[in-house]
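Residue numbers (this note's numbering): 14 to 344. Right, one structure below, let's go through it.
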């Protein structure tokens, strides 16, 4: 067999092996200085990571656990890490999903989550309180109840941040008109009762969308960086190139946490794989991390490699990437 033909055969066989074993056959495209750190958790039944850094420099990840095979969902569980890279199971947290955490002024932790009331069939964002960030006691009622008449659908993917002037802001997404998914916000003085502020991210005017196309901005992850700029990383339909290129993770910036400028180029997006499918990065969590060369931003995200199996499964994992912490103040 000629050498070139042999090489082609080897490449083809390796591709088949990678696909059959569920290993990632392609790669995420990293823009704007992001560097791949690879797989952090090779458990495709973990989804929607939320990472917090403790005062002693260690980390906890609050993440949905869909069970060993997806048939025994366990709600949100807690993983622990000394460095944000290697993770071990710590404890169960709550029976609900889509977690987001804030540290209260008195040192306690409050976890917010997407909640469904089985008796009234209403939904919204619930919460639970903890002295140690491990053992949580659910608080009665909703922090913010869904109102389809206002936003078109149920509240999903809450992200709550503490404001520097005091109080809290919740970002969340909903579908509107059964087509576009937008990101909204609500504010609270005490973290318990939130008042709607309106729509924050709406992709509708940012490009021409084909009729019937289901474009969306979802799963907001918001933080204020040391330069004073608010940054939102969120799942975003393509704003450049083909609208069918798959969902990426885009960045929006704001001076006040309410008025946002969306960067059209995604920070992370998926490549095409040998089978011509795209596998989009989803559901990110962001941390500012001190390193010897200076502070960096670390992003954790889920990536699934078999969309026909759904968003969770044996063919997905949680990955991370880093980039230098830039200064966007005054820009």
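Quick reminder that beta carbons are idealized off the backbone N, C-alpha and C, glycines included.
When the alpha-carbon of residue 317 is set against those of 135, 309 and 332, the nearest one is in 332. No Cβ-Cβ contact shorter than 8 Å links residue 267 with residue 248. Secondary structure at residue 163: helix, using DSSP grouped into helix, strand and coil.
Here residue 184 is not near residue 124, since their CB atoms are 8 Å or more apart. The stretch 264-284 and the stretch 45-59 touch, with no fewer than 3 CB-CB distances between them shorter than 8 Å.
A direct Cα-to-Cα measurement between residue 341 and residue 306 gives close to 19 Å. Judged by DSSP secondary structure, residue 64 falls within the beta strand (DSSP E) whose first and last residues are 59-66. In the structure shown, residue 316 adopts extended strand secondary structure according to DSSP, grouped into three states. DSSP places residue 90 in the uninterrupted beta strand (DSSP E) bounded by 88-94. The stretch 153-169 makes contact with the stretch 128-142, as at least three CB pairs between them are under 8 Å. Straight-line measurement puts the Cα of residue 330 at about 6 Å from the Cα of residue 54.
In this chain, the beta strand (DSSP E) harbouring residue 198 covers 193-201. Per DSSP, residue 150 is one residue of the beta strand (DSSP E) stretching across 149-158.
Scanning 339, 209, 314 and 218 for the CA closest to the CA of residue 246 turns up 314. Between residue 100 and residue 106, the C-beta spacing is not below 8 Å.
Residues 121 of the same chain have their beta carbon placed closer than 7 Å to that of residue 144, with the five preceding and five following residues left out of the count. Here residue 187 is not near residue 200, since their CB atoms are 8 Å or more apart.
Counting other Cβ atoms within 10 Å of its Cβ, residue 102 stays below 16 and is therefore classed as exposed.
Residues of the same chain with a CB within less than 7 Å of the CB of residue 87, apart from the 5 flanking positions on each side, are 78, 80 and 105 in chain order. Cβ-Cβ distances below 7 Å link residue 309 to 302, 335, 336, 337 and 338 in the same chain, with the five nearest sequence neighbours on each side left out; the list follows chain order. Taken through DSSP and simplified to helix, strand or coil, residue 112 comes out as strand. DSSP, reduced to helix, strand and coil, places residue 218 within a helical segment of the structure shown. In the structure shown, residue 184 adopts extended strand secondary structure according to DSSP, grouped into three states. Residue 72 carries a strand assignment under DSSP once its states are collapsed to helix, strand and coil.
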